[in-house]
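Chemist: What follows is a single structure, and I will ask about it in a moment.
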């Protein structure tokens, strides 16, 4: 193998020179020079908003750069569209899958072809590839019925159908259990050994060190460093990514034996729409001072659980949700807030906040019932007390260090991290005795994430109970006292965090009730 | 026997404009666009068809003109909603209001003129066969076109790559864009197809069904066509059933009025509209069916990032 | 050449005030072109349409008469549209409101009482509200598309009113013309001024505009309306019920359309006849958008649309321009309003297609 390589000069498979992409005043990519060799797994590291996605979209032709050139095999190319990229031999697996739920697997794959292809041929070839690379898949299944892990397989197969020389993967393991991730890595190694290159975008340093032989690090739209990740420590990589040391989250570990704040008793709920998950017989107790971490892969009922506890969806049995001793199953979200509960949903824009509305309006959104007398005046006329809301908004912005371009901008104008700080702060400002938070730091930069996690720990230390749903195991281990795992609408019994390992959690994530030992097979 | 044949033929005539307009709208909605301007495009087609037939003396040229006018008129909607991302519901209403006004103005001089009827085709021998002769071989060209268009659309949507692309755009425009599919272009074409079909449906009214120009002669048929698309849960074949069901209701109430059923005529006239409401309720009760079949991107604005 | 949109960080305050005026200007330009194509002098035509009626007291009265139902209906529609409920059947609610409101003076023709008018108005509002309740309950209970049901109900309402004025309620001494007896004086909404056609309906419209403006901009209910309209899911998170809002919005707008109907019947026609349906329910949609769904803006917009009706009549008489031109005008206006609203949320750039190929 290596004899041939020595005779030829080693061309990078792909090289960029001075790629620049400007949005208004933001330089999302600022003269990016970057290259990837043949047959290597190359990591592209950086925080959220560092410009990784922009760069990758330019390489794949879905965005056009303002300046700069791309060289493919040493030849300058101008990739005007994803189809041109595919023709060159670039394939991409998206983070937010570009799949069509109402179409079948085979139809989804056929769409990435330029020419008219017979669906049967696509099915046959897809089945063959899926066998070859250990990615089982049913071509006639409707994508809407598939799990996230299976959807990723479609993306990968779709990409492999084109026989690409470069495969771009955007945060591929964020939707996988640790065991599924191991299988994916095997597939990647096989592809690398066939001489293909892989551009691997991630912020999970541990896996980058495990599988990548080169890494390029981006910050604020620029390339700041490149290195061999195997020769670095997780800490040194992290500080390259962030540019400074991130303060560690501080917490006192102690036994939690406070009063019971939240109790779920045999909570069950049928699926509300065709692609939803039903909740099955969930029991959970959260005590004062406790942070219960709920791990699991997206789409296993976490959103439904959030809706059930918050009262967005009410229960048939009043006793199935008990908040501070009050049976709350029949109460709506406002009434549950008035009992002392607070909620932070997963989706910031369009669930936790209205994007087009200014921050003060979004303050009122979640607190008009709980802060009845301060935020409203003139009795049953319910006139909005703007001054009080403006004060509360200022207070939250100061405490949570919410950085904004104007005094009172629309929620949609804030960056993900700043908006999340505002939304979490909005609830913390009430000093709730119970906080339910779904994916507290999803898509948030490291600084904001640390701030949010610390504020959760501080709230628990003051005697509140917190239910934290998260897909991020690092976050769960960092923050939670006890851990439960959600799979297929079931919730395992919570176990002390100190006695859990990643492998155990991974098995529970994949296994549903059987793995929890609760139900006989 | 002959009575029944003529009743069935009149049902065909009442159903054909609904079927044409609904099939066009089905394609539009499958691409993720909700065009509520069917009524407006249809009435523009009706006036265009009638006036061109008057000027040339040829109803087929009239039908052709209706197609062109319907497609061109829909471009206004397409520009507003696809290029300027204006609200689709409001823009569709605007198209209807404008169409009703403009057609009234254009058709003013044609009011009361005798129309030129598109004659049924006549195939020697075949058309003279008993029963099937008139039904299968003795109808007007637009009737055959309507059936052909349903078949063609069903084939296009589910058997061709372009149809697959159109459905993908209606399911998730952002995914389609990420794959490099030209979302806006596909939607422009779909909207224009819908406009052409609605125009032809209008021509059927003014050249076959009534052969006259009466202001606002569509009388809500464009809206019923929209309801039919929901009724058919976006499946072309079910449109055929729906359209003929409505045609039958319409004809039934005409006959009821003619034989003097002791019910006020106004209530009989209301029947098709009432039936539309009932059908919409029945369909909506089956949540799973509607949720799975509704194009997921229907009515959503799309601005590609560049 | 290609048009590109770039989302603004925040809605442009300037354009949210400017866009209705820009739309009006564009409509006038389009109108001028239309008149030239018709072979009329565009300047004279536009003058006849939009200036001349303002100089004549009788026309000014007529403008108020026409603006009254337009404003009342459009204010109700603003509540609906803001909350994401597409009530496009206001014409039907207006008709049924007019009919139900006319029940007392028709059935008890001789009854004279100061109570009669308030009762008529209340019944008109109740009638419109109940008729609007049909699409509302169908939407909230079964998820039925309210656009289609509310519109179908317009056709049905037209038939119902037609039947009533030709059948059971027809004035036997009316020489066979469809219509009821004229109401007695205590069933007639008084005029605003002496010898004027403008009636107290205009006062209702102004009062309603102020009340609804207050509700929308100052109270939690108004906030709830906006939240549910912009993001139903966030509304649910806030503890607001989209289903209850659907009922509330339809009842409000139905009641206002009903009030418009009975005010027109009682103040203007003074009996119920077959010419009540003039399309105000549809024109009010244009009024609502031109007024940017703001009740105070709607008052101004109603005035402009009413002006186009009266101007259209004048232009027909003096210049022989078809009165259909008015509806074309109105349709164009809605288009331009919707197009100009894009400027509020987006920057528009026109680029040559060669650009971006660096």
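Chains as they are written, first to last, in the working numbering: chain W, 185 to 705; chain P, 129 to 434; chain V, 244 to 601.
Glycine is no exception: its CB is placed at the ideal position from the N, C-alpha and C atoms.
Should the segment 552-559 of chain V be called in touch with the segment 465-472 of chain V, which here means at least 3 C-beta pairs below 8 Å?
Modeler: Result no; under three Cβ-Cβ pairs closer than 8 Å.
Chemist: Of all Cβ atoms in chain V, is any one closer than 7 Å to the Cβ of residue 202 of chain P?
Modeler: Counting from 1 along the second chain, the entry for residue 202 of chain P is found at position 74. Judged by the 7 Å Cβ criterion, residue 202 of chain P is not in contact with chain V.
Chemist: Please return the same chain residues whose Cβ sits closer than 8 Å to the Cβ of residue 298 of chain W, not counting the five positions on each side in sequence.
Modeler: On the first chain, residue 298 of chain W is found 114 positions in, with the first residue counted as 1. Correct list, in chain order: 267, 270 and 271.
Chemist: Report the residue ranges of all alpha helix (DSSP H) runs contained in full by the segment 379-406 of chain W; include only those spanning at least 4 residues, in chain order.
Modeler: Listed in chain order, they are 389-395.
Chemist: Could you check which residue in V:440, V:306, V:470 and V:401 has the C-alpha nearest to that of residue 534 of chain W?
Modeler: Residue 534 of chain W sits at position 350 when you count from the first residue of the first chain. Among V:440, V:306, V:470 and V:401, the Cα nearest to that of residue 534 of chain W is on V:470.
Chemist: Starting from residue 217 of chain W and walking both ways along the beta strand (DSSP E), at which residues does that stretch end?
Modeler: Position 33 of the first chain holds residue 217 of chain W. Residue 217 of chain W -> beta strand (DSSP E) spans 210-220.
Chemist: Below 7 Å on C-beta distance, what does residue 256 of chain V contact in chain W?
Modeler: Numbered from its first residue, the third chain carries residue 256 of chain V at position 13. None at all; the shortest Cβ gap to chain W is about 12 Å.
Chemist: Compare the C-beta of residue 248 of chain V against all C-beta atoms of chain P and say whether one is closer than 7 Å.
Modeler: In the third chain, the residue the question calls residue 248 of chain V occupies position 5. Chain P, which has a Cβ nearer than 7 Å to the Cβ of residue 248 of chain V, makes this yes.
Chemist: Below 8 Å on the Cβ atoms is my guess for residue 299 of chain P versus residue 285 of chain W; work out the distance and round it to an integer in Å.
Modeler: In the second chain, the residue the question calls residue 299 of chain P occupies position 171. In the first chain, the residue the question calls residue 285 of chain W occupies position 101. 6 Å between Cβ atoms; contact.
Chemist: Could you name the residues of the same chain whose beta carbon sits closer than 6 Å to that of residue 317 of chain W, not counting the 5 residues immediately before and after it, in chain order?
Modeler: Taking the first residue of the first chain as 1, we reach residue 317 of chain W at position 133. The residues are 371.
Chemist: By the 7 Å beta-carbon criterion, what residues does the segment 215-245 of chain P contribute toward chain V?
Modeler: Listed in sequence order: 215, 217, 218, 219, 221, 222, 225, 226, 228, 229, 230, 232, 233 and 236.
Chemist: So with CB distances below 7 Å, who are the chain P contacts of residue 528 of chain V?
Modeler: Reading the third chain from its first residue, position 285 is the one you call residue 528 of chain V. Per Cβ cutoff of 7 Å: 221.
Chemist: Considering just the uninterrupted stretch of the alpha helix (DSSP H) at residue 279 of chain P, what are its terminal residues?
Modeler: One-based indexing of the second chain puts residue 279 of chain P at position 151. That run of the alpha helix (DSSP H) goes 269-287.
Chemist: Within the 7 Å Cβ cut-off, does residue 549 of chain W reach chain V?
Modeler: Position 365 of the first chain holds residue 549 of chain W. By this cut-off, residue 549 of chain W is an interface position.
Chemist: Use the C-beta contact count for residue 560 of chain V: other C-beta atoms within 10 angstroms, 16 or more gives buried, fewer gives exposed.
Modeler: Translated into the one-based positions of the third chain, residue 560 of chain V becomes position 317. Residue 560 of chain V should be labelled exposed.
Chemist: In whole angstroms, what separates the C-alpha of residue 622 of chain W from that of residue 388 of chain V?
Modeler: As a position in the first chain, residue 622 of chain W is number 438, starting the count at 1. As a position in the third chain, residue 388 of chain V is number 145, starting the count at 1. C-alpha separation (whole angstroms): 33 Å.
Chemist: Excluding the 5 residues preceding and the 5 following residue 144 of chain P in the sequence, name in chain order all residues of the same chain whose CB lies nearer than 7 Å to its CB.
Modeler: Start at 1 with the first residue of the second chain, and residue 144 of chain P comes out as number 16. Counting only Cβ-Cβ distances below 7 Å, and skipping sequence neighbours, we find 270, 271, 274 and 332.
Chemist: Can you give the beta carbon distance from residue 327 of chain P to residue 173 of chain P, rounded, assuming they're within the 8 Å contact cut?
Modeler: In the second chain, residue 327 of chain P corresponds to position 199, counting from 1. In the second chain, residue 173 of chain P corresponds to position 45, counting from 1. At roughly 3 Å, the Cβ-Cβ gap stays under 8 Å, so residue 327 of chain P and residue 173 of chain P are in contact.
Chemist: Sort W:486, W:551, W:261 and W:547 by Cα distance to residue 517 of chain W and report the nearest one.
Modeler: Position 333 of the first chain, counted from the start, is the residue given in the question as residue 517 of chain W. Checking every option, the nearest Cα to that of residue 517 of chain W belongs to W:551.
Chemist: Below 8 Å, how does it come out for the segment 484-503 of chain W and the segment 598-613 of chain W: are there three or more Cβ pairs, yes or no?
Modeler: Segments in contact, no.
Chemist: Is the beta carbon of residue 371 of chain V less than 7 Å from the beta carbon of residue 229 of chain P?
Modeler: Here residue 371 of chain V is taken as the residue at index 128 of the third chain, counted from 1. Here residue 229 of chain P is taken as the residue at index 101 of the second chain, counted from 1. For residue 371 of chain V and residue 229 of chain P, no; Cβs fall outside 7 Å.
Chemist: Which class does residue 526 of chain W belong to by DSSP, given the choice of helix, strand or coil?
Modeler: Looking up residue 526 of chain W in the first chain gives position 342. Strand at residue 526 of chain W.
Chemist: In chain order, what are the residue ranges of uninterrupted alpha helix (DSSP H) at least 4 long that sit wholly in the segment 469-499 of chain V?
Modeler: 475-480, all fully within the segment 469-499 of chain V.
Chemist: Distance, Cα to Cα, residue 226 of chain W vs residue 255 of chain W?
Modeler: Here residue 226 of chain W corresponds to residue number 42 of the first chain, with the count starting at 1. Here residue 255 of chain W corresponds to residue number 71 of the first chain, with the count starting at 1. Distance between the alpha carbons of residue 226 of chain W and residue 255 of chain W is about 17 Å.
Chemist: Since residue 216 of chain P contacts residue 161 of chain P with CB under 8 Å, what's their CB separation in whole angstroms?
Modeler: Here residue 216 of chain P refers to the residue found at position 88 of the second chain. Here residue 161 of chain P refers to the residue found at position 33 of the second chain. About 6 Å; that satisfies the 8 Å criterion.
Chemist: Indicate whether residue 391 of chain V and residue 355 of chain P have their beta-carbon atoms separated by less than 7 Å.
Modeler: Start at 1 with the first residue of the third chain, and residue 391 of chain V comes out as number 148. Start at 1 with the first residue of the second chain, and residue 355 of chain P comes out as number 227. Result yes, Cβ atoms of residue 391 of chain V and residue 355 of chain P sit closer than 7 Å.
Chemist: Between residue 401 of chain P and chain V, is there a C-beta pair that is closer than 7 Å?
Modeler: Counting from one through the second chain, the residue named residue 401 of chain P turns up at place 273. Yes, contact with chain V.
Chemist: Buried or exposed, going by whether 16 or more other CB atoms sit within 10 Å of the CB of residue 382 of chain V?
Modeler: Taking the first residue of the third chain as position 1, residue 382 of chain V is located at position 139. Classification of residue 382 of chain V: buried, given that the 10 Å Cβ count is 16 or more.
Chemist: Do the segment 421-432 of chain V and the segment 347-355 of chain V make contact, defined as three or more Cβ pairs closer than 8 Å?
Modeler: Verdict: yes, contact present.
Chemist: I want to verify the contact list: residues of chain W whose CB lies under 9 Å from the CB of residue 289 of chain P, in sequence order.
Modeler: Residue mapping note: residue 289 of chain P aligns to position 161 of the second chain, counting from 1. Neighbours of residue 289 of chain P on chain W, chain order: 294, 295, 297, 299, 300 and 301.
Chemist: Let me know the secondary structure DSSP gives residue 226 of chain W once reduced to three states.
Modeler: Translated into the one-based positions of the first chain, residue 226 of chain W becomes position 42. Residue state, collapsed to three classes: strand.
Chemist: On the CB-based measure, 16 or more other CB atoms within 10 Å of its CB, does residue 450 of chain V come out buried or exposed?
Modeler: The sequence position of residue 450 of chain V within the third chain is 207, counting from 1. By the neighbour-count rule (16 or more Cβ atoms within 10 Å), residue 450 of chain V is not buried but exposed.
Chemist: Would you mind working out which of W:558, W:625, W:663 and W:655 sits nearest residue 614 of chain W, comparing C-alpha positions?
Modeler: Taking the first residue of the first chain as position 1, residue 614 of chain W is located at position 430. For the residues W:558, W:625, W:663 and W:655, the minimum Cα distance to residue 614 of chain W belongs to W:558.
Chemist: Under 8 Å by Cβ, that's how I've got residue 392 of chain P and residue 281 of chain P pegged, so tell me the actual separation to the nearest angstrom.
Modeler: Position 264 of the second chain, counted from the first residue, corresponds to residue 392 of chain P. Position 153 of the second chain, counted from the first residue, corresponds to residue 281 of chain P. Actually they do not touch by this definition, with Cβ atoms about 39 Å apart.
Chemist: Between the alpha carbons of residue 198 of chain P and residue 330 of chain V, how many angstroms are there, rounded?
Modeler: Stepping through the second chain from its first residue, residue 198 of chain P is reached at position 70. Stepping through the third chain from its first residue, residue 330 of chain V is reached at position 87. Spanning the two alpha carbons is a distance of roughly 26 Å.
Chemist: Going by DSSP in three states, residue 454 of chain W sits in which element: helix, strand or coil?
Modeler: Your numbering for residue 454 of chain W matches position 270 in the first chain. Three-state result, residue 454 of chain W: coil.
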